[in-house]
Amino acid sequence: MKKIAALLGVILFFLTAPVQAEDAHYTCPMHPHYISTHAGTCPICGMDLVRTENGDTDDRDEASQIRRGAVTISPEVIQNTGVRSVRAEYARFGGIVRSYGNVTENIRLLSEISARVSGWVETPEITAVGDPVQKGDLLFTLYSPELVSAQQDYLSALSTGISGRINSAARRLAALGMQPRVIDELRRKRSAFDYVPFYAEHGGTVSEIGIRRGSHVTPGMSLAKIQDYSSVWITAHVAEKDLHHLYPRGQARVVFPHLGGMEREAQIDYIYPTVDARTRTGRVRLVLENEDGRLRPGAYADVIFETRIAARLSVPSEAVLRSSEGEFVIRAEAGGRFRPERVETGLRSRGRTEILSGIEDGDEIVVSGQFMLDSESSMREAFRKMQRMQTPLAFLEISSNQQAIIDHLTDAAIYLQKSLTGQEEFDPAMLKPAMDIRDILLPEFAGTRLEFVLKDAHWALVLAYNSMTDSELQNALKQLTDALAPWLLDGRPGYYREKGLFLFHDHGSGALWIQVESEPANPYGDNADAMRQDWPEHPDTAAPDMKEDDDTGGLHDGHVH
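Just so you know, the sequence shown maps onto residues 482 to 1042 in the numbering used here.
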């Protein structure tokens, strides 16, 4: 990836710079900021310089610099660095509307059992909210003089054999709440039920219950509710200004943060006709299957609606370069040539950007995450950012005050080593100064290799701060020294050697640590497994000018500044 970024930096430099009279320049793939008009080797790393050729345009003014010629890079360099390109092609996507929502019950799957006669509950089989119910399960039995009388009338009608009278009596039983299966059983056995059974007509879970053994019921009284959760609704709250983009059966993607970011596809089931006057949002209903029961009513969800879905010519969004002059892509041509093309973009969705004009279907477009720029960046600024990222740590300009601040990170590593070897009693508060380093230095070193050192070291210190066992502290120390290794070994090895620090690694695990004593004190295990490691010999890695003697404090008596 570093080689790829370096090569693309070369491409970007020549695409952004005004075209000169010379036909050829030479540059280093690893250090694209070095440009020569003669072949040779890079004075920084010794790598052979690569010839680059500008197009034959003679543009002079700044605006004309955007209309650049092509740059040619040798096939060998392209192959070695693995520059990736993709075809511009049609993909189906639309605009994005983001909202939030909650899981709610699907009331279409709600069953309610209500009394149609007066009576008394004899044997309730459901006793609490949450009881699972299968279709056909017995719920309760009910004694009702009115039902007993109606059964007698039905049995009397059966004995006459008159179909009209039989049907009339059966309809009366159904009107009083007796279920068809119970009426059929009554017909078969020709004996009235003293206690009429009531069965579940749908499976689910008891969500409400209003009866106990011996409860007296009256007509219209709700006895129980059974909710089926195999399907649930998502009620999304959409900003009023976005509602007109949505339509029934439109596509939506639902993300559940509490379930590890689980995603589900859904369709719009219903758009409510009103808007909440207080929040200025409207409600949109989605339906999701929930056979595993993981989606619980009340849970939060992020909802992303996709609108106006159509086949659109598009490229990966990372391929689009943005500058004050407009938007561009780099088109890969035959023979290792790369040419910038101004494009007009449209919708962006799911990592792709619609291209309205500028390129055609099938064009090969260079893709690289190194080209992600904000709208205020210029194309020339893009090169400077990439050049800064490619600057080795050994050549990064560091002031004496900044070096003293960075030393707090090495102090923290030494403090953890001493704590694990019994030389210090571990106090998490001692790590606080080092934990603040990221926020202090990141504004100065964002976009450089030191940025990753600062970020990784910070999270390792967070682990150490929260460690409760020696094994957790050992893991934190390992992550901290791994984070600092590029700075210690490639950035300023000579500086730390001159300051009297010693570098060791554990033979068993390979984990590094630094300490102020020459005799090993292994924080990972037995001292017999400790292996002394020499500091690398790098030219141009001398300690920075330390004329400023800033007293920044330290964590131990071996502070290196």
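Every residue gets a Cβ at the ideal spot worked out from N, C-alpha and C, and that includes glycine.
Leaving aside the five residues that flank phenylalanine 907 on each side, the residues in its chain whose CB is nearer than 6 Å to its CB run, in chain order, Ser900. Bounds of the alpha helix (DSSP H) holding leucine 942 are 930-946. Just measuring C-alpha positions, the residue of Ser948, Ala927, Leu961 sitting nearest tryptophan 940 is Leu961. The criterion of a C-beta distance shorter than 8 Å is satisfied by alanine 945 and alanine 957.
A direct Cα-to-Cα measurement between asparagine 771 and leucine 794 gives close to 36 Å.
Linking proline 797 to glutamate 606 through their CA atoms gives a straight-line distance of about 60 Å. Here threonine 686 is bridged, per DSSP, to Pro613, Gln708. If only complete runs of 4 or more residues are kept, the stretch 618-706 shows the alpha helix (DSSP H) at 626-641, 644-656, 661-670, in order along the chain. Only exposed fits proline 661, as fewer than 16 other CB atoms lie within 10 angstroms of its CB. For glutamate 845, the enclosing beta strand (DSSP E) has its first and last residue at 845-847.
Counted as a single uninterrupted DSSP element, the alpha helix (DSSP H) harbouring leucine 923 occupies residues 918-926. Boundaries of the beta strand (DSSP E) around arginine 579: 570-586.
Inclusion of glutamate 799 and serine 830 in the CB contact set at 8 Å is not warranted, their separation being larger than that value. Spatial neighbours of aspartate 618 in its own chain (CB-CB distance under 6 Å, excluding positions within 5 residues in sequence) are listed in chain order as Ala681.
In this structure, the beta-carbon distance from methionine 702 to alanine 596 falls below 8 Å. DSSP lists no bridge partner for leucine 969.
Non-local beta-carbon contacts of serine 688 in its own chain, meaning distances under 6 Å to residues more than five positions away in sequence, involve Lys706, Gln708 in chain order. Tryptophan 994 sits close to glutamine 898, with the two beta carbons spaced by under 8 Å. For secondary structure counted as the beta strand (DSSP E) over 3 or more consecutive residues, the stretch 747-786 holds these complete runs in sequence order: 762-770. For proline 1017, the secondary structure class from DSSP, reduced to helix, strand or coil, is coil. Within the same chain, Val801, Glu808, Thr834, Glu835, Ile836, Leu837 come within 8 Å of threonine 826 by CB-CB distance, once the 5 residues on both sides are set aside. Taken in chain order, the whole beta strand (DSSP E) runs of length 3 or more contained in the stretch 983-1013 are 983-987, 993-996. Taking a C-beta distance under 8 Å as the contact criterion, alanine 609 and isoleucine 690 qualify as a contact pair.
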